[in-house]
Amino acid sequence: QVQLVESGGGLVQAGGSLRLSCAASGSFVSIINVMAWYPQAPGKQRELVATTTRSGRTDDSDSVKRRFTISRDNAKNTVDLQMNSLKPEDTGVYYCNTVTFAKQNYWGQGTQVTVSS
């Protein structure tokens, strides 16, 4: 199993920055491959915005490109999301997600990000 705990959410004005962190623990942490962030805006489905693999490959969606940066520490089993130039439409609950090499999928409880205009 993998347990995920997110932190770092909060209220920020448009144009500001926040850094989210997700810490993974449990018996399967050594086989985590993908770590990702999925925001869920009010009334909408979760949307994948950034991923990173154990080998270090990263990818992010066009909506956050050049604004958000995902980073990972395999030794600490953590993944961060640095969010700059935040917009009101970035508001939502941000969920950390991991997928192991065995294709097991885990979610955190989420952390609220609110961007005021």
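Going left to right, the sequence shown walks through residues -2 to 114 as my numbering numbers them.
Cβ atoms here follow ideal geometry from the backbone N, Cα and C, with glycine treated the same way.
Inter-residue Cα distance where the pair is residue i and residue j
{"i": "G5", "j": "S18", "result": "6 Å"}
{"i": "W127", "j": "V31", "result": "As displayed, the chain neither begins before -2 nor continues past 114, which places residue 127 out of reach and without an answer."}
{"i": "V46", "j": "I29", "result": "19 Å"}
{"i": "S82", "j": "G7", "result": "15 Å"}
{"i": "K41", "j": "N102", "result": "21 Å"}
Buried versus exposed, by CB contacts within 10 Å (16 or more), residue i
{"i": "N94", "result": "buried"}
Beta carbon proximity, residue i to chain D, threshold 8 Å
{"i": "Q79", "result": "Going by chain labels, chain D is absent from the structure shown, which holds only one protein chain."}
Residues bridged to residue i [DSSP beta-bridge criterion]
{"i": "F134", "result": "Residue 134 lies beyond the residue range present for the chain, which begins at -2 and ends at 114; the question has no answer from this structure."}
{"i": "G89", "result": "V110"}
{"i": "S4", "result": "S18"}
Discussion item. Is it the case that the stretch 68 to 85 contacts the stretch 49 to 58, given that we only count it when at least three CB pairs across the two stretches are under 8 Å?
Written reply: yes
Discussion item. Quick check on the DSSP output: what are the complete beta strand (DSSP E) runs of length 3 or more inside the stretch 22 to 68, in order along the chain?
Written reply: 29 to 37, 47 to 49 and 55 to 57
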